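The block underneath contains the structure these notes are about, expressed in structure tokens.
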Amino acid sequence: MCGKMSLEDSLKTIAEIKKEIDRLFREAWSHFPRIHEFTGFYEPPYDLEDAGGEYVVYMDIPGFSKDNIRIKVSEDIVEVRAEKEEEFAETRNFIVKQRVYKGFYKVIKLPAKVRPDDAKATLQNGVLQIILPKAGVSKEVEVHIE
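So the sequence shown is residues 0 to 145, counted in numbering that gives the first Met the number 0.
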């Protein structure tokens, strides 16, 4: 026998379906860099690896040279920003123009403290790699009473 759902149960079911659809869209779109239409700035995708004694950030930033990029590292934050001039002046007659980003700004919160003075970065084939040595493991010691 098929029972009828109450209005409250129906609304809960609809809310759960909406929540799941929102999650699926967030997950699907999270793999693409978000371009902010009006400013031309975007959020580049990145990976953060725990490589034992260091964290390594890999960030896809095609089209930028090392002279356009600024990296700031504090104990638990990495800031990466870049700006570049428009690749072609408006004198060109484009049929499609999708590469409109002018720059980006990304802040990455690190899971633990690093040694900013020992950070290193390389840029190869449009991938920025930032190596961040960990600050060290805090240890626990037993203190004896004198």
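Just so it is clear, CB atoms sit at the ideal spot from N, CA and C, and this is done for glycine as well.
This one's a predicted model, so the numbers in the text were calculated from it and none came from an experiment.
CA-CA distance, K17 to A120, rounds to 42 Å.
Going by DSSP, R69 is part of the beta strand (DSSP E) stretching over 68-72. One thing to note: E74 has its Cβ no nearer than 7 Å to the Cβ of V106. F93 sits exposed, since fewer than 16 C-beta atoms from the chains shown fall within 10 Å of its C-beta.
Pairing L10 with M4, the inter-Cα distance amounts to about 10 Å.
Per the C-alpha coordinates, the member of R91, D117, K108, I68 positioned closest to K83 is I68. Cα atoms of D116 and L23: separation of roughly 40 Å, rounded to the nearest angstrom. For T90, there is no enclosing beta strand (DSSP E), as DSSP marks it with neither H nor E. Counting the other CB atoms within 10 Å of its CB gives Y54 a total of 16 or more, which places it among the buried residues.
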